[in-house]
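S.K.: I am attaching a structure below and will ask some questions about it afterwards.
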Amino acid sequence: MPGQPYRHVYQDDDPAPLVRTVRGRRTLEFTPGDIQSEMLLSRPHALTLAYLRAMMCFVLFVPRPRHIVMVGLGGGSLAKFCRRHFPRTRITVIELRADVIALREQFHVPPDDDRLSVVHADAADYLPRLAGQADVLLLDGFDAAGLPPRLADAAFYADCRRALRPGGVLVANVFTYDARHDAVLAALGAAFDGRLCAPRGVAGNNRIVFAVAGDANPAAAMQRRLARHAGLGAGWLNRLGVRLLLAWITFRTVLPLPQREPARPGR
């Protein structure tokens, strides 16, 4: 669907990624008009796409993650945002396409260091290595036909569950018009014992699903209420909640409270 953001899983005959810069916006596309990622040149760390902002609601479940694992680099929007606003968090990004990784400088993705690591691998093969290591797992892998079978079957979601620490959260982007939508939600529910939350109306055709690994998290009661009500209620109220939450994340890191001056000797 032209203009709809999506993540693309690599096939041997896929075209090379296309980078466009128009009126201060840089996009990553695989087919002209199909936006895979978008960046504002004036604010390269901002999240311009609604579904990415909605995915950041994982902080309702894990406010201070130690390790965030992402499936898909794209233009690096989530990686850059999380690295900037979670300064004590380690971030691992799994990306299948070498030609996408090669574009990281054009999208201002910083080089690997002790906090950020971009791994060139198939997530279905790599994820089992991360058993019990992640607090947050962000899944956003699509091809033109919808969710690829390897990133949507019961075995993959079982590996996702094992990759999370107790109380960790998986966030999945699922297209509402995908023929496998209901089957994917059922598979996620089975892997996570029904602990799902899918707020309504936050990102158009992108359905953002949260799955919690166990209920040892102190926010478990809140999670159950969110799951029952599919968010805060009406779609507009959910969207407002996402905006406010993103503003809070930004405020707490970019505009920290001033520190008190240390007392001087003799005072």
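According to the numbering used here, the sequence shown is numbered sequentially starting from 3.
Glycine included, each C-beta is placed from N, C-alpha and C at the ideal position.
If you check the beta carbons only, do residue 175 and residue 129 fall under 9 Å apart?
M.R.: no
S.K.: Taking the CB atoms as reference points, tell me whether residue 163 and residue 194 lie closer together than 9 Å.
M.R.: yes
S.K.: Taking Cβ to Cβ, would you say residue 197 is nearer than 9 Å to residue 216?
M.R.: yes
S.K.: With residue 212 as the anchor, note down where its alpha helix (DSSP H) starts and where it stops.
M.R.: Residue 212 -> not in any alpha helix (DSSP H); beta strand (DSSP E) instead, spanning 208–214.
S.K.: Compare the beta carbon distance of residue 81 and residue 21 with 9 Å and say whether it is the shorter of the two.
M.R.: no
S.K.: Taking residue 174 as part of the beta strand (DSSP E), name the residues at either end of that continuous run.
M.R.: 166–177
S.K.: Which residue spans inside the stretch 49–91 form an unbroken beta strand (DSSP E) run of at least 3?
M.R.: 69–73
S.K.: What does a CB cutoff of less than 6 Å around residue 56 pick up in its chain, not counting 5 residues either side in sequence?
M.R.: The residues are 204, 205, 210 and 244.
S.K.: In angstroms with no decimal places, state the Cα-to-Cα distance between residue 46 and residue 110.
M.R.: Taking the straight line from one Cα to the other gives about 7 Å.
S.K.: Select from 49, 160, 252 and 105 the residue whose C-alpha is nearest the C-alpha of residue 186.
M.R.: 160
S.K.: Compute the beta-carbon to beta-carbon distance between residue 143 and residue 102, rounded to the nearest angstrom, for a pair I have assumed lies under 8 Å.
M.R.: The Cβ separation is near 12 Å, so there is no contact.
S.K.: CB residue 37 to CB residue 51, shorter than 9 Å?
M.R.: yes
S.K.: Taking all protein chains shown into account, do 16 or more other C-beta atoms lie within 10 angstroms of the C-beta of residue 44, making it buried, or fewer, making it exposed?
M.R.: exposed
S.K.: Is the CB-CB distance between residue 201 and residue 84 below 9 Å?
M.R.: no
S.K.: Report, in whole angstroms, the separation of the C-beta atoms of residue 139 and residue 165, which I expect to be a contact under 8 Å.
M.R.: 6 Å
S.K.: Using a 10 Å radius around the Cβ and a threshold of 16 neighbouring Cβ atoms, would you call residue 94 buried or exposed?
M.R.: buried
S.K.: Out of curiosity, what's the CA-to-CA distance linking residue 252 and residue 118?
M.R.: Rounded to whole angstroms, the gap between the alpha carbons of residue 252 and residue 118 is 19 Å.
S.K.: Going by the beta-carbon positions, is the gap between residue 71 and residue 132 smaller than 9 Å?
M.R.: yes
S.K.: Give me the Cβ distance between residue 79 and residue 54, rounded to the nearest whole Å; I'm assuming they're in contact under 8 Å.
M.R.: 6 Å
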